[in-house]
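Worksheet for the structure shown next.
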Amino acid sequence: MLGFVTGLTAEAALLRGVRARVVVGGGTPDGALHAARTLAQDKAVSALISFGLAGGLDPGLAAGTLLVPRKVLGSQKATYSCELRLTEMFGGATVDALIGGGSVAVTPEHKRVLFASTGAAAIDLESAAVARVAAEYGLDFAVLRAIADPARRRLPPAALVALGPDGRISIEQVLKSVFRRPAQIPDLIALGREAAAARRTLQRALEFYRSRVNTTGT
Numbered sequence: 001m002l003g004f005v006t007g008l009t010a011e012a013a014l015l016r017g018v019r020a021r022v023v024v025g026g027g028t029p030d031g032a033l034h035a036a037r038t039l040a041q042d043k044a045v046s047a048l049i050s051f052g053l054a055g056g057l058d059p060g061l062a063a064g065t066l067l068v069p070r071k072v073l074g075s076q077k078a079t080y081s082c083e084l085r086l087t088e089m090f091g092g093a094t095v096d097a098l099i100g101g102g103s104v105a106v107t108p109e110h111k112r113v114l115f116a117s118t119g120a121a122a123i124d125l126e127s128a129a130v131a132r133v134a135a136e137y138g139l140d141f142a143v144l145r146a147i148a149d150p151a152r153r154r155l156p157p158a159a160l161v162a163l164g165p166d167g168r169i170s171i172e173q174v175l176k177s178v179f180r181r182p183a184q185i186p187d188l189i190a191l192g193r194e195a196a197a198a199r200r201t202l203q204r205a206l207e208f209y210r211s212r213v214n215t216t217g218t
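Sequential numbering from 1 applies to the sequence shown in full-length UniProt numbering.
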């Protein structure tokens, strides 16, 4: 059985109907480590999947682009290969690399620097942590994500304070941020549309995965 690590409860909700274990990490590398270890210690789990949204680094990739990488880049030049069998169950690799960052890439300038230095298509905060745990426990590993904020998108301030440690969006924190800086509203609306496109992509990818499982019995 697959074990999925997500950052958000909204991402976990997409996995309803999928025969899998799901643990929400809260959108931080440490939270992802804890979530992945919880899954790795479950005897029913044979592989770990990093699942959810990501920030685009490659300027050629639009919001909603499916991310099934061949490898994940971690800290201190660590590289984690994704299991070929799993990537094929998700439709095959769509990009070469994704970077598991320690912090969010907020600005287009920061994203441009990361893309130039790593060549990674996108960044998220969970994948490197999940890959590390998979390696520690000898489990297969893969990533299934989609771009929410493309490389050109500057994340508005509300997006940086919205997520609580339980992986839920705090409407109160969003409203406080908007009240203090109302000029961010257009960017916040645009980001919401982009994130919705990413969620639709993930839903389609999960439908494909379920069809493969039903066909192959894997």
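For each residue, glycine too, the CB sits at the ideal point set by N, CA and C.
Using the rule of at least 16 other Cβ atoms within 10 Å of the residue's Cβ for burial, across every protein chain shown, is residue i buried or exposed?
i: residue 111; result: buried
i: residue 89; result: buried
i: residue 172; result: exposed
i: residue 189; result: exposed
i: residue 75; result: exposed
i: residue 69; result: buried
i: residue 46; result: exposed
i: residue 96; result: exposed
i: residue 107; result: exposed
i: residue 130; result: buried
i: residue 109; result: exposed
i: residue 166; result: exposed
i: residue 278; result: Limits of the chain in this structure are 1 at one end and 218 at the other, which puts residue 278 out of reach.
i: residue 23; result: buried
i: residue 79; result: exposed
i: residue 85; result: exposed
At the level of alpha carbons, what is the spacing between residue i and residue j?
i: residue 17; j: residue 186; result: 34 Å
i: residue 15; j: residue 179; result: 34 Å
i: residue 134; j: residue 182; result: 43 Å
i: residue 67; j: residue 127; result: 12 Å
i: residue 36; j: residue 205; result: 22 Å
i: residue 146; j: residue 40; result: 24 Å
i: residue 152; j: residue 65; result: 14 Å
i: residue 102; j: residue 30; result: 9 Å
i: residue 20; j: residue 33; result: 18 Å
i: residue 193; j: residue 156; result: 14 Å
Under three-state DSSP, which class holds residue i?
i: residue 77; result: helix
i: residue 24; result: strand
i: residue 31; result: helix
i: residue 245; result: Residue 245 lies beyond the residue range present for the chain, which begins at 1 and ends at 218; the question has no answer from this structure.
i: residue 163; result: strand
i: residue 184; result: helix
i: residue 41; result: coil
i: residue 157; result: helix
i: residue 212; result: helix
i: residue 63; result: coil
i: residue 199; result: helix
i: residue 168; result: coil
Could you pull the start and end residues of the beta strand (DSSP E) that residue i belongs to?
i: residue 18; result: Neither: residue 18 is in no beta strand (DSSP E) and is coded neither H nor E.
For residue i, which residues does DSSP report across the bridge?
i: residue 10; result: Note: residue 10 sits in no beta bridge, so no partner.
i: residue 95; result: 69
i: residue 50; result: 5 and 143
i: residue 55; result: 123 and 149
For the alpha helix (DSSP H) containing residue i, list its first residue and its last residue.
i: residue 113; result: 108-118
i: residue 143; result: Premise fails: residue 143 lies in the beta strand (DSSP E), 140-149, not in any alpha helix (DSSP H).
i: residue 175; result: 171-180
i: residue 88; result: 84-89
Could you tell me whether the Cβ of residue i comes closer than 8 Å to any Cβ of chain D?
i: residue 204; result: Absent here is chain D; the protein component of the structure consists of one chain.
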